[in-house]
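**Student:** Just so we're aligned: 174 in this note's numbering is position 158 of the sequence shown, and the numbers increase by one with no gaps anywhere.
Here a beta-carbon is modelled for each residue, glycine too, at the ideal position from N, C-alpha and C.
Remember, it's a predicted structure, so these values are computed and weren't measured experimentally.
Quick one: the structure is below, questions incoming.
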Amino acid sequence: MKQEQGQQAQQRHEADELAAVQRILQAHENEPGALLPILHDVQDALGYIPAHTVAVIAEAQNLSRAEVHGVVTYYHHFRSAPAGRHVIQICRAEACQSMGADALLAHAELRLGCSAHGTTKDGAFTLEPAFCLGLCASSPAMTLDEQPHARMTPRAFDALLAQVAP
Ligand code: FES
């Protein structure tokens, strides 16, 4: 019984996601080559690009599923799975790398117990690499739920995490 209810809830959830994607596709109906703006809109609306919507997006853009999937996986920005409740992005571009971003990322992976592009088991945090957050003069930089934090150290990272309700 419980399993059946779970399946029904999942089906409703997927139907809602599909409806949202269809509204976005309609909004871009007369724009040829609009795959990237569509994917951005889908991610903004749903937080990720659900696999079950790739076929619909592909059909609307006269592309194959593999082509859409290729674009989703090529760009770091796009997620193929829902993010955790909090999203941490650590800059890995040149200025931040020269100021210890790799060590910061390694510390974050260890502290959270998940790798970059991963989400903690409890769904609290998603860890993502980023490529320049516009804070190069104050590197290494990161964002937590889109709020920028500059001159980060492993200790500052731990202090920041301690302030966040999981
Ligand atoms: S290089 Fe990291 S914020 Fe620009």
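Where does Val58 land, buried or exposed, given buried means 16+ other C-beta within 10 angstroms?
**Tutor:** Working through the sequence shown from its first residue, we reach residue 58 at position 42. Buried is the call here.
**Student:** Where do the N-terminal and C-terminal ends of the beta strand (DSSP E) with Glu144 fall, by residue?
**Tutor:** If you number the sequence shown from 1, residue 144 lands on position 128. Note, Glu144: beta strand (DSSP E), 141-146.
**Student:** Which residues in the same chain as Ile40 place their Cβ atom closer than 8 Å to its Cβ, once the five residues preceding and following it in sequence are excluded?
**Tutor:** Translated into the one-based positions of the sequence shown, residue 40 becomes position 24. Once the five neighbours on either side are set aside, the close Cβ partners of Ile40 are Ile54, Asp57, Val58, Ala61.
**Student:** If you run the structure through DSSP and keep just helix, strand and coil, what is Thr89?
**Tutor:** Translated into positions along the sequence shown, residue 89 becomes position 73. Three-state DSSP puts Thr89 in a helix.
**Student:** Would the beta-carbon of Glu47 be found less than 7 Å away from any heavy atom of the ligand FES?
**Tutor:** Residue mapping note: residue 47 aligns to position 31 of the sequence shown, counting from 1. It does not: the Cβ of Glu47 is nowhere closer than 7 Å to a heavy atom of the ligand FES.
**Student:** Identify every residue that forms a DSSP beta bridge with Leu160.
**Tutor:** Indexing the sequence shown from 1 puts residue 160 at position 144. According to DSSP, Leu160 bridges with Ile104, Gln163.
**Student:** Please classify Gly134: does DSSP put it in a helix, a strand, or coil?
**Tutor:** Reading the sequence shown from its first residue, position 118 is the one you call residue 134. In the structure shown, Gly134 sits in a strand (DSSP, three-state: E or B).
**Student:** Is the beta carbon of Ala140 sitting closer than 8 Å to the one on Arg95?
**Tutor:** Numbered from 1 along the sequence shown, position 124 holds the residue referred to as residue 140. Numbered from 1 along the sequence shown, position 79 holds the residue referred to as residue 95. Contact flag unset, no.
**Student:** Roughly how many angstroms separate the alpha carbons of Val132 and Val70, rounded to a whole number?
**Tutor:** Stepping through the sequence shown from its first residue, residue 132 is reached at position 116. Stepping through the sequence shown from its first residue, residue 70 is reached at position 54. According to the sequence provided, residue 132 is Ala. The question's Val does not apply to it. Cα-Cα distance, rounded: 24 Å.
**Student:** Does the distance from the C-beta atom of Arg108 to that of Ala117 stay below 8 Å?
**Tutor:** Your numbering for residue 108 matches position 92 in the sequence shown. Your numbering for residue 117 matches position 101 in the sequence shown. Contact: yes.
**Student:** Would you mind sorting Ala157 into buried or exposed? The rule is 16 or more other CB atoms within 10 Å of its CB.
**Tutor:** Within the sequence shown, the letter at position 141 stands for residue 157. With 16 or more other Cβ atoms within 10 Å, it is buried.
**Student:** In whole angstroms, what is the alpha-carbon distance linking Thr135 and Leu143?
**Tutor:** Taking the sequence shown and counting its residues from 1, the one referred to as residue 135 is at position 119. Taking the sequence shown and counting its residues from 1, the one referred to as residue 143 is at position 127. Cα to Cα, the separation comes out at about 6 Å.
**Student:** So, is Met17 buried or exposed, given that buried needs 16 or more other C-beta atoms within 10 angstroms?
**Tutor:** Taking the sequence shown and counting its residues from 1, one reaches residue 17 at position 1. When all chains shown are included, Met17 counts as exposed.
**Student:** Identify which residue in Leu51, Gln24, Tyr91, Val72 has its Cα closest to the Cα of Leu34.
**Tutor:** By 1-based counting over the sequence shown, the position of residue 34 is 18. The option with the nearest alpha carbon to Leu34 is Val72.
**Student:** Under 7 Å from any heavy atom of the ligand FES, does the C-beta of Ala109 make it?
**Tutor:** Locating residue 109 in the sequence shown gives position 93, counting from the first residue. Checking every heavy atom of the ligand FES against the Cβ of Ala109, one is found closer than 7 Å.
**Student:** Within 7 Å: the Cβ of Ser96 and any heavy atom of the ligand FES?
**Tutor:** Taking the sequence shown and counting its residues from 1, the one referred to as residue 96 is at position 80. Ser96 Cβ: outside cutoff for every heavy atom of the ligand FES.
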